[in-house]
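Shown next, in structure tokens, is the structure this report addresses.
Protein chains: 8
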Amino acid sequence: MTGIEEILEKVANKEMSVSDAEKALKSGSYADLGFAKLDTGRSERSGFPEVVYCEGKLDEHLVSIFKRLFDSEGRVLGTRANKHQYEIVREEVSAAVYDPVSRLITAGKPLKAGGMIAICCGGTSDVPVAEEAAQTAEFFGCRVERIYDVGVSGLHRLLSKTDVIREANCVVAIAGMEGALASVVGGLARVPVIAVPTSVGYGANFEGLSALLSMINSCANGVAVVNIDNGYGAGYLAAQINRLAVR
Amino acid sequence: MTGIEEILEKVANKEMSVSDAEKALKSGSYADLGFAKLDTGRSERSGFPEVVYCEGKLDEHLVSIFKRLFDSEGRVLGTRANKHQYEIVREEVSAAVYDPVSRLITAGKPLKAGGMIAICCGGTSDVPVAEEAAQTAEFFGCRVERIYDVGVSGLHRLLSKTDVIREANCVVAIAGMEGALASVVGGLARVPVIAVPTSVGYGANFEGLSALLSMINSCANGVAVVNIDNGYGAGYLAAQINRLAVR
Amino acid sequence: MTGIEEILEKVANKEMSVSDAEKALKSGSYADLGFAKLDTGRSERSGFPEVVYCEGKLDEHLVSIFKRLFDSEGRVLGTRANKHQYEIVREEVSAAVYDPVSRLITAGKPLKAGGMIAICCGGTSDVPVAEEAAQTAEFFGCRVERIYDVGVSGLHRLLSKTDVIREANCVVAIAGMEGALASVVGGLARVPVIAVPTSVGYGANFEGLSALLSMINSCANGVAVVNIDNGYGAGYLAAQINRLAVR
Amino acid sequence: MTGIEEILEKVANKEMSVSDAEKALKSGSYADLGFAKLDTGRSERSGFPEVVYCEGKLDEHLVSIFKRLFDSEGRVLGTRANKHQYEIVREEVSAAVYDPVSRLITAGKPLKAGGMIAICCGGTSDVPVAEEAAQTAEFFGCRVERIYDVGVSGLHRLLSKTDVIREANCVVAIAGMEGALASVVGGLARVPVIAVPTSVGYGANFEGLSALLSMINSCANGVAVVNIDNGYGAGYLAAQINRLAVR
Amino acid sequence: MTGIEEILEKVANKEMSVSDAEKALKSGSYADLGFAKLDTGRSERSGFPEVVYCEGKLDEHLVSIFKRLFDSEGRVLGTRANKHQYEIVREEVSAAVYDPVSRLITAGKPLKAGGMIAICCGGTSDVPVAEEAAQTAEFFGCRVERIYDVGVSGLHRLLSKTDVIREANCVVAIAGMEGALASVVGGLARVPVIAVPTSVGYGANFEGLSALLSMINSCANGVAVVNIDNGYGAGYLAAQINRLAVR
Amino acid sequence: MTGIEEILEKVANKEMSVSDAEKALKSGSYADLGFAKLDTGRSERSGFPEVVYCEGKLDEHLVSIFKRLFDSEGRVLGTRANKHQYEIVREEVSAAVYDPVSRLITAGKPLKAGGMIAICCGGTSDVPVAEEAAQTAEFFGCRVERIYDVGVSGLHRLLSKTDVIREANCVVAIAGMEGALASVVGGLARVPVIAVPTSVGYGANFEGLSALLSMINSCANGVAVVNIDNGYGAGYLAAQINRLAVR
Amino acid sequence: MTGIEEILEKVANKEMSVSDAEKALKSGSYADLGFAKLDTGRSERSGFPEVVYCEGKLDEHLVSIFKRLFDSEGRVLGTRANKHQYEIVREEVSAAVYDPVSRLITAGKPLKAGGMIAICCGGTSDVPVAEEAAQTAEFFGCRVERIYDVGVSGLHRLLSKTDVIREANCVVAIAGMEGALASVVGGLARVPVIAVPTSVGYGANFEGLSALLSMINSCANGVAVVNIDNGYGAGYLAAQINRLAVR
Amino acid sequence: MTGIEEILEKVANKEMSVSDAEKALKSGSYADLGFAKLDTGRSERSGFPEVVYCEGKLDEHLVSIFKRLFDSEGRVLGTRANKHQYEIVREEVSAAVYDPVSRLITAGKPLKAGGMIAICCGGTSDVPVAEEAAQTAEFFGCRVERIYDVGVSGLHRLLSKTDVIREANCVVAIAGMEGALASVVGGLARVPVIAVPTSVGYGANFEGLSALLSMINSCANGVAVVNIDNGYGAGYLAAQINRLAVR
């Protein structure tokens, strides 16, 4: 979708044949690895490099994608990775680092951006999702303040951190069970709140549905929701918002 | 189920025939009005008189039930009543009074009990449910403190009432949308919290399901839930708990 | 929650009694109208004044709230209002203006902020939700580009607007039925995309659930979701993001 | 249901007794193996031979069915097979071949038909379902163009294949998560689009429900949906459509 | 998306400026009516003209769209129309005809195609959906055989029509309640079966969900499903399949 | 499906041509009224005449069906009828009688069968469903004992009727809300219990889903369930069982 | 609940003290094993002995219950048993026999009753549920005709067994996927049809929900439904009906 | 939230600096362990010490929390613990005791309170949930009467315990499947009934949803519900109610 003008100029100047131009216009920018079409134009389009969702990928595919992206971008982020995947990646991309809590593989230096976001979570069981969000945001250049274990049944724990919440460029609120944290944080913050329902809980939480519905129906303004347990998505979005705030 | 011993004594003393005793043992205590079986033993069994669910009852049935109960108990409570129903009831039971917000008809003096319960609700749209709870509890002898419009997106409104919450014998927490109020109140109270999800909200609240799931999954201790919009049920239960506390 | 230090200083300086200070610390800032507790501190807390959800409010309450807020803030926004509500509000607040498509009442000048957001919707039936979002964002100081009727079954309509999408500080994607617009827009934008599922559709759309699930599961990065038909919520959030971008 | 006329002629000509004719009319055409009733008339009725759903079948039953069908039809297709099942089948039907990705066992030559169908899928995780569709369609005589990893968050990858889509006799669109691919493909194709929701995704995808609802509510014309992960069903249907187009 | 080559040739030949070419490539083909973007390229793309979904459209928009399409295409189909909409359309497009059962407005001659499709429905209450399907297919050039009131609780009614089902190029199976008709028809037909669940029924049919789930899980091969009550969608798809069969 | 032997005999005896026989075998027994296919063989097949579901039928169709069935069978039952439908039916079938509670139209004498069934319901709001069941069973020849308003929150009312329950050939248990009546009755009866969930209740009863799930999961043996509010279905089934018991 | 009269007579005759009578009236008949209360009066109440649900029972409890019931009744049926449970039971109750398909343990001779029921199932995967139903019914004295693998996509297989269906006292219809078998059988039978949805299938069958909804919404008369995979429940109910028919 | 007055007095008396006071007011009372924020003020706030939810906690965190709480409170309760967790806790807190049925770890003496509550459950499979409730209530000072295996299909078992139910200060009713026990107990008791749905059952019980809906829709007064399998929550709430009754 990019560079249309450039291609047309070349055609007008006879630097490019009509059929080559047609092909270029139609194919856009991706690298066809056979088993996958790497979206190599994403970095230009979105300002952030493509990220690799590791879960369920075949070993050779995973390694090949990681290598290709690291070579072209200088940095890669892989999500939902297990230890084995990390080990085979590291053989080809020695800069790769793994965090077993967030299940992220990172290689290369984080982007530079500046600006702070706050990440709150309700209980200690929500920490893996919170760390996925936090480290993703850090990879994309944010400074992250972690405000963990601040469930609403003991409000004073959260209230003691009001200052941090009010200084952030974006707040991520992560909770399972009834997901009430999002509304309470939404009432304290003056910036966008990204709510992440988690599957933490039991019984009628229905794998996170209760927290999802709760957060989607939040009575507070300025709250939007991503998928259940989707710490990566929240971290990405928070980094986008932070980038707007600091540019 | 009551008075078995008494019946048996009569049989042993030949004051009652075997067949009469059999009938008495089998029929228990109810008044068969033909169209309905009034549970006249309920007052003895539960300590509270039977309550009339008005919605959908035929006019003549409603009036007949009200009159019968008022005559035998000296007081009646009718729930989910409309104006027309009130008017026809009043013709036979002149002591009847109607409140259009809670949709309750009451006749006769409230029970005497003493003790205070607190009723909190999230927004002004929840008030009809809150009043159904409050007036039911008052009918059954509670003093009620109303803490309305204290949704969690402006926490200070609720926190300023912490003292009342901590003095009550029972707290009713009523909210629609994401129902987060129940968990926050549950964290502040030291007595049972009865949570009432309401159908207030829109979109993915699914007529109160979001608040119901939220409250059932509350991370706070000491919270139990009644049906969506069931202010009556919460008021009844709060009165039961209050009665235990003041007896 | 604000001004704690100030209160403490007064206590230390004997300018305020302990009991007055205790009351002040506990009550926070709200105006108790009896039937409601107006969150007068919201403007300071969030940077945006409190907004009135009109649906279901009693006439006298609505007018009283509008007047109070207009007098103190100089501007008010009312959502989900009907014509009758507008007319009674206008009698007290003559500056009030009504738009029957978005169902918004506005009074006073919009905030000044600058910056542009784009609002896309899938079909003409989604326009009321889109206008609620657009006019809310405008009230809070955004310039809004409207990209309507760009459903994904005729992709070229959307693609012809790629430039606008890529210049915006935030994009709102509004769609009913299968809600695919959010993912396609998410692939084109480099800024946060706020997705609004609508109840437009029929059959198995289940009043917007299909679009909600679709958007929550979006394969694109940088997409977060608000409640079904919640144009106001999306406009508010977009304005928050825009404010960060232009400050 | 077929051959009624023929039977009646025989009865009229005394070539068949009334009781034999009654039996024949009632029993239709199937082979009773004791544990199963093989629908041997299906090939005549549908033009395609019966297919074996392997999952959960007892070993001896599976082998016996395979052998019987291969002997009478000269070709067999088995779906949802595991490696062990393949190995025991191959002992009796040496022509059997197994593909671990699609989990299909095939024996005998594919049908001859001609004509091309296109199979698109959103991500690499959808490939097993896509291959089940592709190889089923090939078994029933289609030429298949595979267009894989063309999720809508990078539209240019799909758009570069528009020509293939527009030359096919039928297009199969396979996607998990939000399933938006079906609508986008539906907008590009002029032939029927068979949509296959997959269970790929996490969180609120609810094992494929989100993609199913999305596809059933597609805003594009000419899209119909089969069961979650049902690549076989889509391949079968595409082959039926292709057969109509090339006959 | 079409004519890229042609545009490029003009650029190469200096018959078109680079900026005009860029605009043309980006805008595709649609008519911007302000309130809507008419997809005027659809006829070329899909072979069928754009169809107007009438429900919920403003009067002046509806008339304007109808007139525009009728003028450019010579024929228009409008779905889910009410009587009032028909009357205002007829004032501008005098050729318009209305059928209150199917709620379709048609103007201009049907397409010519030839070929027969069969439309079966379970009960008389399903007839409006069946007629929407039938008349849509007729508008797009099919001959339609109607097989109505053939619910599976009286199988002989359906079996007596087996011949018609086996001669059709496509069969549409429409049923509410348990939707079993789709599977039974699927077992009799050798061509694709398009299943339409209807909202006919009561109790646990959940507005058509029971029939939808039933049809999506059909044990028969060659069955695909469209949205609840979506007769139009089924008719359109059947016409696409029929067109492939007769071309 | 009946009389195959007879037809074959005629063919063998040349009393019937092959083509006439083929037609007879294929068409089964129904009367084609154009708009509907009356299942005239049902009485022979099931022992009970066809019943007319009135809701949603066009006036002339309804009258024509009623007349046709009354003429051929001597009795008809119509369900879910409104007053208007009764009045137009009565003009043609003067024997028709209407009951506004059960919404049944009956014409002609009930079948004779003998034997008693018991019908229990939880509250007075369930009576319309209970009467639909009771009068249906009476039409098909049962004697019915009505045990109404015996909800499980006052068990003694039900227990006083244990003798009737234990003398019946079948018991129908009808309840809304939590539907517990089915399990309690199931524990008291020694004959089949047909459970009918009703849509009576509010809040999280979800139009009868709570009672349906409750009854389907009954811990008692010998309980089977029909659709929500389907009094007719329960009455029909009870009559079938009763007929087996008394034959 | 039984023998009230007898107890009263004894009291009147001074053969029993009042307090003993009170205890007897209150306790009913059960054997308190400490960990469980065996319902020893069930055989008298229901005509069938108590059945043991084995799944999840502790080993010593299971054996103790089996032994107790076998000693008092002379026969026992255990459902959902695994091999280990069978082996430990057999050590104490040597007459015990196990069938791994139906997972039933039986000990002692079946009841004698006579009469035939038919059990149909859709596919070979439904056989375990069908056998649970069949062997339960046999244990309670029925003769069972098995009609397996008669899914509706090959109707002639089922139609060839119409005679058996029409001779049975009750028909059990067992199917997964779309569960259409129940309606088709319901149209063929003149006796009650007990429908059993199974969890067989994949994708949107949601563990049997699709078949359950389908069967509950059956368009055929005389169909009632038991829980998913509940072959035991269907066999029990069929035996109750059969017993009524043959007594 | 407590001690505000005390802090303010110190400030007024210059015993505390303004900045220290500010910090104290903001931080409330919790112990920050780094990985968790222990709510050390809960005992004062709620009258009951904080309870440890063990499931999913890291070993070192669990032990550290247990030790800290035991040291400060003298007693601890841990829920949902496995054997391994008990063993590592016991190394540091030698007073710890484990019950594998309820999965509770207790250390220290129970609270003293007095008063009796009754805990009923439907079947032997519900015992683990019942024991979690019972032992929790005992830890918080209640005397507990266990009334187990009293499912409603054999009512006499429950009715024989009516006296205990009527003497309790609170009744907990625990059941899976259809959850009818709650309504029946609610009709017998005169005190609050806490209902606990369990996930016991199969098929359409949907992991406890059927019992949850049943209990939430109870027709009995004075019933409130906690989460599925949440024995702990019910025991806690019952202890709160009991404490009110005996104070």
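Protein chains in written order, with the working numbering: chain A, 4 to 250; chain B, 4 to 250; chain C, 4 to 250; chain D, 4 to 250; chain E, 4 to 250; chain F, 4 to 250; chain G, 4 to 250; chain H, 4 to 250. The C-beta atom is built at its ideal place from N, Cα and C for all residues, glycine as well.
Practice task
Starting from G50 of chain H, find everything on chain B with Cβ-Cβ shorter than 7 Å and list it in chain order.
Solution key: Here residue 50 of chain H corresponds to residue number 47 of the eighth sequence, with the count starting at 1. The contacting residues are R193.
- request: Using beta-carbon positions only, say whether V203 of chain B and S128 of chain B come within less than 8 Å of one another.
  value: For the purposes of this step, residue 203 of chain B is identified with residue 200 of the second sequence, where counting begins at 1. For the purposes of this step, residue 128 of chain B is identified with residue 125 of the second sequence, where counting begins at 1. Yes. Within cutoff.
Span of the beta strand (DSSP E) holding D102 of chain G? Here the question's residue 102 of chain G lines up with position 99 in the seventh sequence. That run of the beta strand (DSSP E) goes V100 to D102.
Quiz prompt | Minimum C-alpha distance to E53 of chain D - residue among D:I68, D:G59 and D:K17 | solution = For this step, residue 53 of chain D is matched to residue 50 along the fourth sequence. Distance from the Cα of E53 of chain D is smallest, within the candidate group D:I68, D:G59 and D:K17, for D:I68.
**Prompt:** How many whole angstroms separate the CB atoms of F143 of chain C and Y239 of chain C, which I take to be in contact at a CB cut-off of 8 Å?
**Reply:** Along the third sequence, read from residue 1 onward, the residue named residue 143 of chain C stands at position 140. Along the third sequence, read from residue 1 onward, the residue named residue 239 of chain C stands at position 236. A Cβ-Cβ distance of about 7 Å is found for the pair F143 of chain C and Y239 of chain C, placing them in contact under the 8 Å criterion.
Quick one, are the C-beta atoms of V107 of chain E and G81 of chain E less than 8 Å apart? Stepping through the fifth sequence from its first residue, residue 107 of chain E is reached at position 104. Stepping through the fifth sequence from its first residue, residue 81 of chain E is reached at position 78. Looking at the sequence itself, residue 107 of chain E is Leu, so the reference to Val does not match. In this structure, G81 of chain E lies closer than 8 Å to L107 of chain E by Cβ.
DSSP state of K70 of chain B mapped onto helix, strand, coil:
In the second sequence, residue 70 of chain B corresponds to position 67, counting from 1. It is helical.
Worksheet entry | 8 Å Cβ cutoff, E12 of chain A in contact with chain B | Position 9 of the first sequence holds residue 12 of chain A. Not one chain B Cβ lies under 8 Å of E12 of chain A.
*Have a look at P103 of chain D and E63 of chain D and give me their C-alpha separation to the nearest angstrom.*
By one-based count along the fourth sequence, residue 103 of chain D stands at place 100. By one-based count along the fourth sequence, residue 63 of chain D stands at place 60. Inter-residue distance for P103 of chain D and E63 of chain D is about 21 Å (C-alpha atoms, whole angstroms).
Practice problem: Alpha carbon to alpha carbon, how far is V132 of chain A from A140 of chain A? Give it in angstroms, no decimals. | Solution: Locating residue 140 of chain A in the first sequence gives position 137, counting from the first residue. Locating residue 132 of chain A in the first sequence gives position 129, counting from the first residue. Approximately 12 Å between the Cα atoms of the pair.
What separation, rounded to the nearest whole angstrom, lies between the Cα atoms of R250 of chain D and L114 of chain A?
Against the fourth sequence, residue 250 of chain D aligns to sequence position 247. Against the first sequence, residue 114 of chain A aligns to sequence position 111. If you take the alpha carbons of R250 of chain D and L114 of chain A, they lie about 59 Å apart.
- [ ] Flag this pair as yes or no: are the beta carbons of I219 of chain D and V175 of chain E separated by less than 8 Å?
- [x] Within the fourth sequence, the letter at position 216 stands for residue 219 of chain D. Within the fifth sequence, the letter at position 172 stands for residue 175 of chain E. For I219 of chain D and V175 of chain E, no; Cβs fall outside 8 Å.
Which of the three DSSP states, helix, strand or coil, is assigned to T165 of chain F?
Locating residue 165 of chain F in the sixth sequence gives position 162, where the first residue counts as 1. Reduced to three states, the DSSP call for T165 of chain F is helix.
request  = Tell me, to the nearest whole angstrom, how far the beta carbon of V130 of chain A is from that of C222 of chain B; I am working on the premise that it is less than 8 Å.
outcome  = On the first sequence, position 127 is the one that residue 130 of chain A refers to. On the second sequence, position 219 is the one that residue 222 of chain B refers to. In fact, because the Cβ distance is near 15 Å, the residues do not count as touching under 8 Å.
task = Evaluate V92 of chain C with the Cβ neighbour count: other Cβ atoms within 10 Å of its Cβ, from every protein chain shown; 16 or more gives buried, anything less gives exposed.
result = Taking the third sequence and counting its residues from 1, the one referred to as residue 92 of chain C is at position 89. Result: buried.
Exercise. For G157 of chain A, which option in B:E18, B:R193, B:Y205 and B:E9 has the closest C-alpha, if you only look at C-alpha atoms?
Worked result: Mapped onto the first sequence, residue 157 of chain A falls at position 154. Checking every option, the nearest Cα to that of G157 of chain A belongs to B:R193.
Distance, Cα to Cα, E134 of chain A vs T165 of chain A?
To locate residue 134 of chain A, count along the first sequence from 1; it is residue 131. To locate residue 165 of chain A, count along the first sequence from 1; it is residue 162. Taking C-alpha positions only, E134 of chain A is separated from T165 of chain A by approximately 21 Å.
Quiz item: Are any of the Cβ atoms in chain F nearer than 8 Å to that of S128 of chain E?
Solution: Mapped onto the fifth sequence, residue 128 of chain E falls at position 125. Yes, S128 of chain E lies at the interface with chain F (some Cβ there is under 8 Å from its Cβ).
Name the two residues that bound the continuous alpha helix (DSSP H) containing M218 of chain C.
Numbered from 1 along the third sequence, position 215 holds the residue referred to as residue 218 of chain C. L212 to I219 is the span of the alpha helix (DSSP H), which, as asked, contains M218 of chain C.
If you measure from the beta carbon of G206 of chain B to each beta carbon in chain C, is any gap under 8 Å?
The sequence position of residue 206 of chain B within the second sequence is 203, counting from 1. Taking a beta-carbon distance threshold of 8 Å, G206 of chain B counts as an interface residue toward chain C.
Identify, in the order they occur along the chain, each residue of the same chain with its Cβ nearer than 6 Å to the Cβ of G117 of chain C, setting aside the five sequence neighbours on each side. Your numbering for residue 117 of chain C matches position 114 in the third sequence. Cβ neighbours of G117 of chain C within its own chain (closer than 6 Å, five residues either side excluded): V249.
Review point. I120 of chain F bridges to which residues according to DSSP?
Key: One-based indexing of the sixth sequence puts residue 120 of chain F at position 117. As a beta-bridge residue in DSSP terms, I120 of chain F pairs with F:V147.
- Query: Which first and last residues belong to the alpha helix (DSSP H) in which G238 of chain D is found?
  - Reply: Locating residue 238 of chain D in the fourth sequence gives position 235, counting from the first residue. Its alpha helix (DSSP H) spans residues G234 to V249.
Please name the residues in the stretch 143 to 177 of chain A whose beta-carbon is closer than 9 Å to at least one beta-carbon of chain C, in chain order. Shown in chain order are the members of the stretch 143 to 177 of chain A whose Cβ falls below 9 Å from a Cβ of chain C: L162, T165, R169, N172 and C173.
May I ask which residues mark the beginning and end of the alpha helix (DSSP H) holding T139 of chain H? Along the eighth sequence, one-based indexing puts residue 139 of chain H at 136. V130 to F142 is the extent of the alpha helix (DSSP H) around T139 of chain H.
- [ ] For A99 of chain C, count neighbouring Cβ atoms within 10 angstroms of its own Cβ and tell me buried if that reaches 16, exposed if not.
- [x] Numbered from 1 along the third sequence, position 96 holds the residue referred to as residue 99 of chain C. Burial check for A99 of chain C: the Cβ neighbour count within 10 Å reaches 16 or more, so the residue is buried.
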